[in-house]
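Residue numbers (the UniProt record's numbering), protein chains in the order written: chain A, 1 to 337; chain B, 1 to 457. In this text, a Cβ means the ideal position worked out from N, Cα and C, and glycines have one as well. Before any comments, here is the structure.
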Amino acid sequence: MLKDITVSFAPHISQPLSTRRVMLDVAIGLLPAMAVAGYYFRIHALLLIGTCVAWCAATEWVCNRIRRKPNSLGDFSAVVTGIILALSLPPVLPLWAAAIGSAVSIVVGKIVFGGLGANVFNPAMVGRAFLTASFGVMMTTWTVPASIDIEMPTLSAADVVDTRTQATPLAWSKTAIKEGGEAKTYSGRLFFSTMTGEVAGCLGETSAIAILLGGAYLLWRKTIGFHIPAAVLGSAFVAAAIAYLVNADAYVQPFFHLTSGALLFGALFIATDPVTAPLTRRGMWLFGIGVGTITMVIRILGEYPEGMMFAVLLMNAVTPLIDRLCKRIPTGGKPHA
Amino acid sequence: MTDDLKDKRTFSRGVHPPESKHLTEDRPIEPGPGVGELSILLSQHIGAPCQAAVKKGDLVEAGQRIGECQAFVCAPVHAPVPGKVKELALKPHPVLGRCQAITIEAREPAPPSLPSFDLPTDFDPARYKPDEICEAVRDAGLVGMGGAGFPTSVKIQPDAKPPKHTLLVNGCECEPYITCDYRIMLEWTDQVLAGIRLAQRACGASKVFIGIEDNKPKAIEAMSAAIARAGSTSDVRVVPLQTKYPQGGERQLINAAIGQTVPTGGIPPMIGVVVINVATAAAIAGAVLHNRPLTHRVVTVTGEAIARPGNYYVPIGTPVEALIEFCGGVTEKSAKVVMGGPMMGLAIADLSTPITKTGGAVTVLTRHQIGQAKFERRQTACIRCGRCLEVCPENLNPTRIAHAVKSNLLDVAESHFIGACIECGCCSYVCPANIELTGYIKTGKIFLARQRKKMPA
Ligand code: SF4
Ligand code: SF4
Numbered sequence: 001m002l003k004d005i006t007v008s009f010a011p012h013i014s015q016p017l018s019t020r021r022v023m024l025d026v027a028i029g030l031l032p033a034m035a036v037a038g039y040y041f042r043i044h045a046l047l048l049i050g051t052c053v054a055w056c057a058a059t060e061w062v063c064n065r066i067r068r069k070p071n072s073l074g075d076f077s078a079v080v081t082g083i084i085l086a087l088s089l090p091p092v093l094p095l096w097a098a099a100i101g102s103a104v105s106i107v108v109g110k111i112v113f114g115g116l117g118a119n120v121f122n123p124a125m126v127g128r129a130f131l132t133a134s135f136g137v138m139m140t141t142w143t144v145p146a147s148i149d150i151e152m153p154t155l156s157a158a159d160v161v162d163t164r165t166q167a168t169p170l171a172w173s174k175t176a177i178k179e180g181g182e183a184k185t186y187s188g189r190l191f192f193s194t195m196t197g198e199v200a201g202c203l204g205e206t207s208a209i210a211i212l213l214g215g216a217y218l219l220w221r222k223t224i225g226f227h228i229p230a231a232v233l234g235s236a237f238v239a240a241a242i243a244y245l246v247n248a249d250a251y252v253q254p255f256f257h258l259t260s261g262a263l264l265f266g267a268l269f270i271a272t273d274p275v276t277a278p279l280t281r282r283g284m285w286l287f288g289i290g291v292g293t294i295t296m297v298i299r300i301l302g303e304y305p306e307g308m309m310f311a312v313l314l315m316n317a318v319t320p321l322i323d324r325l326c327k328r329i330p331t332g333g334k335p336h337a
Numbered sequence: 001m002t003d004d005l006k007d008k009r010t011f012s013r014g015v016h017p018p019e020s021k022h023l024t025e026d027r028p029i030e031p032g033p034g035v036g037e038l039s040i041l042l043s044q045h046i047g048a049p050c051q052a053a054v055k056k057g058d059l060v061e062a063g064q065r066i067g068e069c070q071a072f073v074c075a076p077v078h079a080p081v082p083g084k085v086k087e088l089a090l091k092p093h094p095v096l097g098r099c100q101a102i103t104i105e106a107r108e109p110a111p112p113s114l115p116s117f118d119l120p121t122d123f124d125p126a127r128y129k130p131d132e133i134c135e136a137v138r139d140a141g142l143v144g145m146g147g148a149g150f151p152t153s154v155k156i157q158p159d160a161k162p163p164k165h166t167l168l169v170n171g172c173e174c175e176p177y178i179t180c181d182y183r184i185m186l187e188w189t190d191q192v193l194a195g196i197r198l199a200q201r202a203c204g205a206s207k208v209f210i211g212i213e214d215n216k217p218k219a220i221e222a223m224s225a226a227i228a229r230a231g232s233t234s235d236v237r238v239v240p241l242q243t244k245y246p247q248g249g250e251r252q253l254i255n256a257a258i259g260q261t262v263p264t265g266g267i268p269p270m271i272g273v274v275v276i277n278v279a280t281a282a283a284i285a286g287a288v289l290h291n292r293p294l295t296h297r298v299v300t301v302t303g304e305a306i307a308r309p310g311n312y313y314v315p316i317g318t319p320v321e322a323l324i325e326f327c328g329g330v331t332e333k334s335a336k337v338v339m340g341g342p343m344m345g346l347a348i349a350d351l352s353t354p355i356t357k358t359g360g361a362v363t364v365l366t367r368h369q370i371g372q373a374k375f376e377r378r379q380t381a382c383i384r385c386g387r388c389l390e391v392c393p394e395n396l397n398p399t400r401i402a403h404a405v406k407s408n409l410l411d412v413a414e415s416h417f418i419g420a421c422i423e424c425g426c427c428s429y430v431c432p433a434n435i436e437l438t439g440y441i442k443t444g445k446i447f448l449a450r451q452r453k454k455m456p457a
């Protein structure tokens, strides 16, 4: 009567959710940021995204062939790495550099650890760190969005020469404060620009609204939990507020920090990478607080205007330790004996 | 204690699988098929297996004891129908693989008739001595009918330390698809209540709670009405619980209904609680009031692959095959036959496996249903998403344990409390990487048990 029946462990049903779907959701969450990048930075933004995705996917495919592993492109994780890497690059980065960064992301960030799930560091950030170290100038050359003229106050005579590039709001405010403390006057107007994205910056980080929209989708799909973003943003805000309260002339307003630079993008899309973040909720809080605080320490005390990438990579390194610290105790307590 | 119960109506974590109860919830209990040959497994409970008390060729009467044992934790087995002992042989067992069984050739195969139950008008549990109740229950071969199959007489025996203060009746039936307990609560309400009161009398509990998930409002109503009818039973209360899987897990139920936590590795009596299932309660009433041994039970035959799903009253020992045939066979290409529900049930390969005292359901799943989940989707590496941790009702770290087992690091698995896993399947259910976490954990437990046997401490 019944041929062909199978036997396996319970449970025999499961949630219609797959790794591919999780990754696809992240890609969907990144769509608004990609759209804004395309709108402001035009064709070059799209070329960058395309290059990164294609190179990440191709690298993974080649590595799988070499290692004689089954093709793993179907889980879409390489695509997500490509998109995130692209969105963390400055808009005028040459495509060949993006291609190198993508290959490094996959090979050094993922394959050497053993592939999906085994990597310690966020692959996209590994690639970005490599590019920052190798092509420092290119990685800090920003153009302004194509839609606006340069209205931001010039920083020094040298900047007037180049009308195409401009500092990011964070870099600018940092220098401006050093030079004469004008930051306050402009941060109100800049705040609005950082919401819409009409500022200089990396592809995906300029528009707070687009990032929040995508983040809300991920939260709604339960692809990410609120713990890490809340911890990152909360701790960054606190750190910025302390600095601001200590010396309001030397530091910009805390809200300005939240919307500018990579903080928001990083909090929602980079620090939340499940593979490289802790497993437990308690661990997630610790991890997020670490990322937020380190980012702000670098921003406030360091020379470098941005700190997200370093913060994430540093905290990735301590994730195994956090996981060890946050061991779960069974509901009924530790068993005796 | 009474009013704060309202906010403690569930445990933490768990999952919400599709309930799929619509297939059978409105189908009253009907007699199952009349089968010519029944195989009574000699191990149908936790504890020592029975020894056959008959030999090949013996004639047996309905209700005659055919297997027994002297161990304390044990329950005898009885012949469900009159007939002749055809053989004593190994038969497929849903859990053990194979097990000794007594096969009885029925004298004249006929569909079983539904049991009648008359509650004496002056029924008063106080008139029965606790020892009498326990003895009747033991003689009738009662075991927990909800799944684990612990001999009921041991559970409800009076002279235990610490004293049993609460009797918790499990009417949750949180497994998807299954509806036999639900129908029993609706149709055999008085019998269930009588059994509950006898069990209470036996174990001496001062409080009784009947936990029912709130997706069964009719059962909540019926049980409440029966309590009101019986009068003077203010110590028996229905506690509606949130619909969530595994609400009917013993530890989760206790947590939800009375807010107490059973220690890890411990059992409910350690905190003075006894948990019995509603079907068991009904059987207690049958055993004590009507001297009825446990020879039949209600089985939900269900699943999208069954033509005529329903709740059937069948003799224990009926082969699954006969039940499926009786229900019109399978409609679509079926992929899996599960004894029990889809979350915790055991998939069987051999359809001659007989129904046991603990087997409340046969679920036949189609390839499509499983395919969506288990066949078509490939497994990937763990992406450390933490979903399995989020749903584990025992607050474990399933992925860590499973990976330890996979790498044969049993001590690591133990350091993450593998023994505390109740095998509910929630972690596997949610895993997007489609890793059989529960399967690995079960395997790890078996390895550990073997290791211990080899090296006694
Ligand atoms: S680890 Fe065990 S108790 Fe926890 S969800 Fe998985 S099967 Fe259930
Ligand atoms: S649910 Fe699956 S993928 Fe997610 S952490 Fe657990 S085992 Fe890993």
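Check	Outcome
Considering only residues of the region 250-310 of chain B, which uninterrupted alpha helix (DSSP H) runs meet the minimum length of 4 residues and lie entirely inside it, listed in chain order?	250-258, 278-290
Taking Cβ positions, are Leu-38 of chain B and Pro-80 of chain B nearer each other than 8 Å?	yes
Ligand 1 and Glu-423 of chain B: does the residue's C-beta get closer than 7 Å to at least one heavy atom of that ligand?	yes
Please state if the CB of Thr-19 of chain A and the CB of Asp-75 of chain A are separated by a distance shorter than 8 Å.	yes
Report whether the distance from the Cβ of Thr-438 of chain B to the nearest heavy atom of ligand 1 is below 7 Å.	yes
Confirm the yes/no value for this check: CB of Ile-441 of chain B, any heavy atom of ligand 1, distance under 7 Å.	yes
Please name the residues in the region 337-349 of chain B whose beta-carbon is closer than 9 Å to at least one beta-carbon of chain A, in chain order.	Val-337, Val-338, Gly-340, Gly-341, Pro-342, Met-343, Met-344, Gly-345, Leu-346, Ala-347, Ile-348, Ala-349
Which residues in chain A sit within 9 Å of Pro-17 of chain B, going by Cβ to Cβ distance?	Pro-11, Ile-13, Ser-14, Gln-15
Quick one: grab the DSSP three-state call for Val-154 of chain B.	helix
Grab the span of the beta strand (DSSP E) containing Glu-37 of chain B for me, first residue to last.	37-41
Out of curiosity, what's the CA-to-CA distance linking Leu-23 of chain B and Glu-250 of chain B?	26 Å
Under 9 Å Cβ-Cβ, which residues of chain A neighbour Leu-438 of chain B?	Reading off the sequence, residue 438 of chain B comes out as Thr, not Leu. Result: Phe-9, Ala-10, Pro-11.
Using a Cβ-Cβ cut-off of less than 8 Å, give me the residues of the region 255-269 of chain B that come near chain A, in sequence order.	Asn-255, Thr-261, Val-262, Pro-263, Thr-264, Gly-265, Gly-266
Exposed or buried, Val-239 of chain B, counting other C-beta atoms within 10 Å across all chains shown (16 or more means buried)?	buried
Quick check: is the beta carbon of Ser-235 of chain A nearer than 8 Å to any beta carbon in chain B?	no
Please classify Pro-162 of chain B: is it buried, with 16 or more other beta-carbons within 10 angstroms of its beta-carbon, or exposed?	exposed
With 9 Å as the limit, tell me which residues of the region 55-78 of chain A have their beta carbon closer than that to any beta carbon of chain B; keep them in chain order.	Pro-70, Ser-72, Gly-74, Asp-75, Ser-77
For a contact defined as C-beta to C-beta under 7 Å, what are the partners of Arg-128 of chain A on chain B?	Under the 7 Å cutoff, chain B gives no residues; its nearest Cβ is about 21 Å from Arg-128 of chain A.
Alpha carbons only, please: which of A:Ala-239, A:His-257, A:Leu-258 is nearest the one belonging to Ile-294 of chain A?	A:Ala-239
I need the straight-line Cα distance from His-336 of chain A to Ile-435 of chain B, nearest angstrom please.	30 Å
In whole angstroms, give me the CA-to-CA distance for Asp-235 of chain B and Lys-357 of chain B.	30 Å
Distance check for Thr-264 of chain B and Gly-332 of chain A, CA to CA, integer angstroms please.	4 Å
So Glu-175 of chain B is in the alpha helix (DSSP H); what residue range does that whole segment cover?	Careful: Glu-175 of chain B lies outside any alpha helix (DSSP H) and carries neither H nor E.
Any C-beta of chain A sitting closer than 8 Å to the C-beta of Gln-369 of chain B?	yes
Determine contact between the region 390-400 of chain B and the region 416-430 of chain B, defined as no fewer than three beta-carbon pairs at a distance below 8 Å.	yes
Would a C-beta distance cut-off of 8 Å place Phe-287 of chain A and Ile-329 of chain A closer than the cut-off?	no
Using 8 Å as the limit for Cβ to Cβ distance, is Leu-279 of chain A near chain B?	yes
Indicate whether at least one CB of chain B lies closer than 8 Å to the CB of Val-232 of chain A.	no
Is any non-hydrogen atom of ligand 2 found closer than 7 Å to the C-beta of Val-246 of chain A, if you look at the structure I gave you?	no
Using a Cβ cut-off of 7 Å, pull out every chain A residue sitting near Phe-117 of chain B, in sequence order please.	Result: empty, since nearest Cβ-Cβ is about 34 Å, beyond 7 Å.
Counting only runs that start and end within the region 185-260 of chain A, where is the alpha helix (DSSP H) found for 4 or more residues in a row?	208-220, 227-246, 254-259
State yes or no: is the C-beta of Val-364 of chain B nearer than 7 Å to some heavy atom of ligand 1?	no
Any heavy atom of ligand 2 closer than 7 Å to the beta-carbon of Gly-225 of chain A?	no
List, in chain order, every chain B residue whose beta-carbon is nearer than 7 Å to that of Pro-330 of chain A.	Thr-264, Glu-394, Asn-395, Leu-396, Phe-417, Ala-420
Here's a check: name, in chain order, each residue in its chain whose Cβ is nearer than 8 Å to the Cβ of Leu-44 of chain A, leaving out the five neighbours to either side.	A quick correction: the sequence has His, not Leu, at residue 44 of chain A. Same-chain partners within the cutoff: Pro-91, Val-92.
With 16 other CB atoms within 10 Å as the buried threshold, where does Gly-114 of chain A fall?	exposed
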